[in-house]
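Residue numbers (the numbering used here), protein chains in the order written: chain R, 210 to 561; chain U, 297 to 798.
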């Protein structure tokens, strides 16, 4: 199992390589760019492919709808659209690198938005509303994480249960009604309407989450251990890492991101609702996979996930601008997932 | 009687290791041919060649009078060679009958014929003397002995002329072994040949007709009579080495007696695996555990480390009790483990050498969870140099290293200054001779610096040559303890194979 993982899902990897040296060097370069800053990471081959895809999509936008695509208001709306799922994608990247999966993200975000917009919570003002959303998200993540790490449930099942239950709880709390953010708490909505340097505040929140996520994943012991836990849980345990506690923290982190996403969606829609975030889990997982993270864990990057998400968002935007059928949009997205994974497998095989 | 199987000059090379270096084997129809040899002698590789799982680099195989070359396991099965591996390859969720006919089902238009399948399965089970076993029962509900019967029935479901059994008795209780032998005798009476692998000499004397001994990838003796050959001859054939290991010099016997105890284990028990094990390791001392696979040696080490939760007993590290079942606490108290399976239990194959070295001591290179990367890479570089990892570039992916250098990386992981006890489980498995000497030197140097070492190895000379004190295990119990210099290899082999303590 581990061998298959290590070689990128190719179980027949025992044949001795012919040209050990050139390959070894390629691997060394891929694993350790000369200066592992943000720019050089983007310069890695697989990220380069994503950037090229994004540029191609932009060219398509410029050609098909020259009047609408390159306008600042359209670019801002792409970023605003990407912010909500983007924050969730950061958490999802951690969970998947750690060898798990979180299907409950959309539902947990909806629950957090509903809980934060109840009349009782709104009475305490916008700061408490935001804190409430974040606590609810983190709490739900902790519950999933506890079931998975200490209850030994399969992540798919545990988070599926959380998805269904959180959606139900959100419906119950809101009585299936959309709850408006009250006029006293318009500070929440200001995150969407106030602009700094032409961009709404919520885009900055998104950017901040990405930067912090990148730092945690690449510069802290927590991030290092996440790769270890996902890449080889048994080796991680025998190296003295508390794998169960770490796993629980990963889901709590994902829940925390859902809470932040709930604040963003309240700002963008001025509501809390049990219908928010429907199928966000699929978009987030797809973005992570397109970004080159292995679904089996142990390998992946935040930058890749965000590029994957931007590709998805731009496609949605292009379809809307061109007045095309949303069904075709889904077909296009499905094709992109398949193509991206096939390309990644080829690049992995050529290296291992 | 003519030879059913003739193997001549079989060579199989793996990167860095010549696993088979010219092996000969002759098996006659209707005989039980036993294959003996120490771990690493090449038994497993040889049966994989026979089963078609490996292709030999050199040499010829003749089966039933015709030269054969198996492209894969299916080709071998079709020719009439079935292999029953130690890890039984059955599907737990399917029935007995479905398992027996897996891959060649009785079917019509894609639909399985259940009645026919079950009837044919019953017939095969009856032929094995187990007509009472219901073919519809789920295999997952059978005990080890039952599963073995199913594996054998599967072998018979093909036109099998030769069955290879890899340590079939390892998972069986005494009366189940007797039944296994009865089945084997029935098979050989029908003209089927059996290649039987076991470490237990008493079994070989009971069931075997002839014995072939392997040693260091070569045939040491072909076709000895199983009953008449004296134990001493067999043991000396297994042990007489071409390659002498170079062990570092040891301190004088008893020189550790006044040093403080690093590890004290009292009455440690893991039910079903080992019972009432007590031992001590003093500062600077290397204590070796010798025993066969399944004697409980790895389990003892893993339980001391907290990777398995002890049923009872106590572990003290430098006087402090170690809570059971937590590796992270064991590490915090000052233990380190180099586990048995390097690739699946120790290494992060996606990562660089440096990250493999620093993963266990990340706390030392970080502040408030923030990794100080300068400190980390400096530490990784100096640790890699300490154990002399080659090539000396810690940024290389760990998977590109040879086995010996990978093992050095695992050692280096634990060389942070405050380690008190290192647990080494098969530290030289899959490592070539030159790298072994280097690993031995590293282990001794660590001990000289004051670390206590508990060493497990299935290679008796390694334990005797490296350790200061040796504990001999058999079936989960310590049967002997003494200074390593008071023992020799054949005496230890006698003890662990025959169970005659002293």
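Built from N, CA and C at the ideal position, the CB exists for glycine as well.
So residue 437 of chain R contacts chain U; which residues on that side make the cut at Cβ distance below 7 Å?
For residue 437 of chain R, the residues of chain U that pass the 7 Å Cβ criterion are 644, 655, in the order they occur in the chain.
Please confirm whether residue 341 of chain U has its beta-carbon closer than 8 Å to some beta-carbon of chain R.
Taking CB atoms only, residue 341 of chain U has no neighbour in chain R less than 8 Å away.
Find out if the Cβ-Cβ distance for the pair residue 350 of chain R, residue 464 of chain R is shorter than 8 Å.
Their beta carbons are under 8 Å apart, which means residue 350 of chain R touches residue 464 of chain R by this criterion.
When Cβ atoms are compared, which residues of the region 696-710 of chain U fall closer than 8 Å to chain R?
Taking 8 Å as the Cβ-Cβ cut-off against chain R, the residues of the region 696-710 of chain U that qualify are 696, 709.
The region 382-391 of chain U in contact with the region 437-455 of chain U per 3-pair CB rule at 8 Å
Between the region 382-391 of chain U and the region 437-455 of chain U there are three or more C-beta pairs closer than 8 Å, enough to call the two in contact.
Euclidean distance between Cα positions of residue 341 of chain R and residue 622 of chain U:
Pairing residue 341 of chain R with residue 622 of chain U, the inter-Cα distance amounts to about 35 Å.
Close beta carbons around residue 573 of chain U, own chain, < 7 Å, minus the five adjacent residues each side:
Its chain contains 561, 564, 596, 774 as the residues whose beta carbon lies nearer than 7 Å to that of residue 573 of chain U, once the 5 sequence neighbours on both sides are disregarded; these appear in chain order.
Sort out for me which residues DSSP pairs residue 330 of chain U with in a bridge.
Per DSSP, the beta-bridge partners of residue 330 of chain U are U:492, U:507.
Let me confirm a value: residue 451 of chain R is counted as buried when at least 16 other C-beta atoms fall within 10 Å, else exposed. Which label applies?
The residue in question, residue 451 of chain R, is buried, as its Cβ has 16 or more Cβ neighbours within 10 Å.
Which residues of chain R have a Cβ atom closer than 7 Å to the Cβ of residue 667 of chain U, listed in chain order?
Those are 428, 429, 430, 433, listed as they occur along chain R.
Close Cβ partners of residue 626 of chain U (< 7 Å) along its chain, the five nearest in sequence each way excluded
Closer than 7 Å at Cβ, skipping near neighbours: 601, 602, 618.
Chain-ordered chain U contacts of residue 440 of chain R [CB-CB under 8 Å]
Against chain U, a Cβ distance below 8 Å from residue 440 of chain R picks out 644, 645, 646, 647.
Looking only at its chain, what residues have a beta carbon closer than 6 Å to the beta carbon of residue 379 of chain R, apart from the 5 residues adjacent to it on each side?
Non-local beta-carbon contacts of residue 379 of chain R in its own chain, meaning distances under 6 Å to residues more than five positions away in sequence, involve 319, 320, 323, 483 in chain order.
Taking just the CA atoms, how far does residue 314 of chain R sit from residue 330 of chain R?
Rounded to the nearest angstrom, the gap between the Cα atoms of residue 330 of chain R and residue 314 of chain R is 22 Å.
Pairwise C-alpha distance: residue 316 of chain R and residue 487 of chain R
Distance between the alpha carbons of residue 487 of chain R and residue 316 of chain R: 7 Å.
Among the residues of its own chain, which have a CB less than 6 Å from the CB of residue 528 of chain R, if the five just before and after it don't count?
Hits under 6 Å: 538.
Identity of the residue in U:493, U:568, U:718 nearest residue 743 of chain U by Cα:
The residue with the shortest Cα to Cα distance from residue 743 of chain U is U:718.
Which of the three DSSP states is assigned to residue 308 of chain U in this structure?
Residue 308 of chain U carries a strand assignment under DSSP once its states are collapsed to helix, strand and coil.
The beta strand (DSSP E) enclosing residue 380 of chain U, as first and last residue numbers
Unbroken beta strand (DSSP E) run through residue 380 of chain U: 377-380.
Residues that residue 641 of chain U contacts on chain R, provided the C-beta gap is smaller than 7 Å
Chain-ordered, the chain R residues with CB closer than 7 Å to the CB of residue 641 of chain U read 443, 444, 447.
CB contact flag (residue 346 of chain U, residue 325 of chain U, <8 Å)
Going by C-beta atoms, residue 346 of chain U is not nearer than 8 Å to residue 325 of chain U.
Restricting to Cα atoms, I'd like to know which of U:671, U:791, U:298 is closest to residue 327 of chain U.
Cα-wise, what sits closest to residue 327 of chain U is U:298.
Nearest-angstrom Cα separation, counted from residue 682 of chain U out to residue 734 of chain U:
Answer to the nearest angstrom: the Cα atoms are 11 Å apart.
Answer yes if the region 751-760 of chain U comes into contact with the region 574-586 of chain U, meaning at least three C-beta pairs across the two stretches below 8 Å, and no otherwise.
Cβ pair count under 8 Å is three or more, so yes.
So for residue 793 of chain U, helix, strand or coil by DSSP?
Under the three-state reduction of DSSP output, residue 793 of chain U falls in the helix class.
Can you find a C-beta in chain U that's less than 8 Å from the C-beta of residue 507 of chain R?
Closer than 8 Å to some Cβ of chain U, the Cβ of residue 507 of chain R qualifies, so yes.
What are the complete alpha helix (DSSP H) segments, minimum 4 residues, inside the region 326-382 of chain R?
Within the region 326-382 of chain R, the alpha helix (DSSP H) runs of at least 4 residues that lie entirely inside it are, in chain order, 328-331, 335-358.
Going by DSSP, name the residue or residues bridged to residue 631 of chain U.
Answer is U:717, bridged to residue 631 of chain U.
State whether the region 255-271 of chain R contacts the region 514-530 of chain R, with contact taken as three or more CB pairs (one from each stretch) at a distance under 8 Å.
Yes, the region 255-271 of chain R touches the region 514-530 of chain R.
Taking the CB atoms as reference points, tell me whether residue 263 of chain R and residue 498 of chain R lie closer together than 8 Å.
At least 8 Å separates the beta-carbon of residue 263 of chain R from that of residue 498 of chain R.
Going by C-alpha to C-alpha distance, which of U:575, U:442, U:629 sits closest to residue 471 of chain U?
Comparing Cα positions, the closest option is U:442.
So the beta strand (DSSP E) residue 519 of chain U belongs to, where does it begin and stop?
514-521 is the extent of the beta strand (DSSP E) around residue 519 of chain U.
Chain R residues whose Cβ lies nearer than 8 Å to that of residue 659 of chain U
Those are 430, listed as they occur along chain R.
What's the C-alpha gap between residue 487 of chain U and residue 707 of chain U?
Residue 487 of chain U and residue 707 of chain U have their alpha carbons spaced roughly 51 Å apart.
Tell me whether residue 237 of chain R sits in a helix, a strand or coil according to DSSP, three-state version.
At residue 237 of chain R, the pLDDT of 40 sits below 50, so the modelled position is not reliable; the number obtained from the coordinates is stated separately. Here DSSP, grouped into helix, strand and coil, assigns residue 237 of chain R to helix.
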